[in-house]
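Student: I'd like to ask you about the structure that follows.
Numbering (UniProt numbering), first residue to last: 1 to 337.
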């Protein structure tokens with residue numbers, strides 16, 4: 001059964017109602033987190049080794065054996081399969097044709113919508129197929145505030161909006177940054193914009209912001225350096241693309257307001273979150289270099305890049321580096337005119 005957003009909380013609260021749970025999508029951190037939560041709901045937080053089997057690529061051939069094995073200590077067993085794919089289709093079919101109460105959790109990042117495994121599980125009423133995609137907008141805001149609320153921590157709106165713009169597309173990385181903030185603030189504390197910037201100022205997400213600002217101003221060397229710093233932090237290509245697109249969107253929003261008759265000052269005031277005061281000069285410099293049509297065209301190029309990077313086997317890091325260089329080169333050409 002294909003699980004939608006409205007049904008998802010009920011499914012995650014009662015994973016034992018299913019025989020197989022398929023977790024697929026682009027957010028590997030969210031896939032891992034949901035798999036762990038589902039397993040713990042069945043076997044408890046201790047992860048009893050007699051009731052949990054964790055299979056990786058090298059041990060996929062043990063899936064049917066583990067799924068049909070009896071529990072030596074009593075209680076329902078769980079089999080987690082990492083990097084699952086259509087190669088497990090026959091094993092899953094055999095398991096579903098047998099009588100077993102083992103819960104099989106398939107972690108399948110990047111599984112195609114045309115996958116035969118996915119089609120099988122979405123047809124069956126005793127199996128759940130759950131998409132795990134990067135959180136954005138209100139969903140991401142809600143996740144951050146819930147994580148902080150667990151420690152009774154408040155976060156100012158401007159700090160929350162800035163943090164949302166910095167976080168990448170991986171749930172585990174998001175949780176890591178929020179837990180870092182929780183330790184910084186302490187239980188019952190409050191986080192301001194300065195607190196957030198101080199705490200995660202050296203993270204890859206901030207390096208991405210540096211790279212986007214530098215490239216949009218035509219500074220190729222600075223953009224390359226910041227980009228490599230972000231990559232060294234483990235930032236994914238999709239996170240790189242979305243950080244650049246977010247910056248270009250904000251530039252375009254201001255340019256569109258100016259084209260509608262607003263002054264630059266008034267147009268800048270409409271941005272939420274506002275431009276950080278230390279970056280105002282760089283943002284204004286980029287506004288001078290880019291016209292509204294040029295920004296629209298550039299955003300189209302980055303959208304196409306995201307689609308290209310999601311293709312299996314695409315040289316995503318090379319494509320991101322090239323697009324960054326092309327953005328900086330275009331800005332530099334504008335600056336020479």
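Positions of the beta carbon are idealized from the N, C-alpha and C atoms, including for glycine.
Contact check, residue 129 vs residue 118 under 8 Å by CB: the rounded distance?
Tutor: Indeed they touch by this definition, with Cβ atoms about 6 Å apart.
Student: Tell me whether residue 132 sits in a helix, a strand or coil according to DSSP, three-state version.
Tutor: DSSP places residue 132 in coil when its eight states are reduced to three.
Student: Which residues mark the beginning and the end of the alpha helix (DSSP H) in which residue 237 is found?
Tutor: That run of the alpha helix (DSSP H) goes 237-259.
Student: In chain order, what are the residue ranges of uninterrupted alpha helix (DSSP H) at least 4 long that sit wholly in the UniProt domain "DNA polymerase III delta N-terminal" (22-123)?
Tutor: The qualifying runs are 28-43, 63-67, 89-96, 116-123.
Student: Quick one: Cα of residue 57 to Cα of residue 111, how far?
Tutor: Near 15 Å, if we compare the C-alpha coordinates of residue 111 and residue 57.
Student: With the cut-off set at 8 Å, would you say residue 76 and residue 31 are in Cβ contact?
Tutor: Taking 8 Å as the Cβ cut-off, residue 76 and residue 31 do not qualify as a contacting pair.
Student: Any idea what DSSP makes of residue 310, helix, strand or coil?
Tutor: Correct three-state label for residue 310: coil.
Student: Short check: CB of residue 211 to CB of residue 324, under 8 Å?
Tutor: Contact: yes.
Student: Among residues of its own chain, excluding the 5 on either side of residue 226, which ones have a beta-carbon nearer than 7 Å to its beta-carbon?
Tutor: Closer than 7 Å at the Cβ level, and outside the excluded window around residue 226, lie 207, 210, 211, 214.
Student: Can you check which of these residues, 82, 60, 52, 10, is closest to residue 24 by C-alpha distance?
Tutor: When each option's Cα is compared against that of residue 24, the closest is 82.
Student: Which two residues bound the contiguous alpha helix (DSSP H) that contains residue 283?
Tutor: From DSSP, the alpha helix (DSSP H) with residue 283 extends over 280-289.
Student: Whose C-alpha, out of 217, 103, 90, 224, is nearest the C-alpha of residue 287?
Tutor: That would be 217, whose Cα lies nearest to the Cα of residue 287.
Student: Whole angstroms is fine: what's the gap from residue 302's alpha carbon to residue 291's?
Tutor: Near 17 Å, if we compare the C-alpha coordinates of residue 291 and residue 302.
Student: So the alpha helix (DSSP H) residue 321 belongs to, where does it begin and stop?
Tutor: It spans 316-336 - the alpha helix (DSSP H) in which residue 321 sits, taken as one unbroken run.
Student: Using three-state DSSP, classify residue 155 as helix, strand or coil.
Tutor: Strand, per DSSP.
Student: Grouping DSSP H, G and I as helix and E and B as strand, with all else coil, what is residue 20?
Tutor: It is a strand residue.
Student: For the 8 Å Cβ check, are there 3 or more pairs between the segment 257-267 and the segment 180-199?
Tutor: Touching, no, given that fewer than three Cβ pairs across the two stretches are closer than 8 Å.
Student: Over what stretch of residues does the alpha helix (DSSP H) that includes residue 180 continue unbroken?
Tutor: Where residue 180 is concerned, the enclosing alpha helix (DSSP H) stretches over 171-185.
Student: In its own chain, which residues sit with a C-beta less than 7 Å from the C-beta of residue 193, not counting the 5 before and 5 after it?
Tutor: Excluding sequence neighbours, residue 193 sits near 156, 158, 159, 162.
Student: Is the segment 59-73 touching the segment 93-106, taking contact as three or more C-beta pairs under 8 Å?
Tutor: Flag = yes, the segment 59-73 and the segment 93-106 touch.
Student: By how many angstroms is the C-alpha of residue 154 removed from the C-alpha of residue 145?
Tutor: Taking the straight line from one Cα to the other gives about 8 Å.
Student: Please identify the residue among 99, 104, 100, 172 whose C-alpha is closest to the C-alpha of residue 135.
Tutor: Ranking 99, 104, 100, 172 by Cα distance to residue 135 puts 172 first.
Student: Select from 38, 199, 103 the residue whose C-alpha is nearest the C-alpha of residue 13.
Tutor: Cα-wise, what sits closest to residue 13 is 38.
Student: With distances taken Cα to Cα, identify the nearest neighbour of residue 244 among 116, 298, 54, 26.
Tutor: The shortest Cα separation from residue 244 among 116, 298, 54, 26 belongs to 298.
Student: When the Cα of residue 100 is compared with those of 250, 69, 123, 167, which residue comes out closest?
Tutor: Looking at the Cα atoms, 69 is the closest of the given residues.
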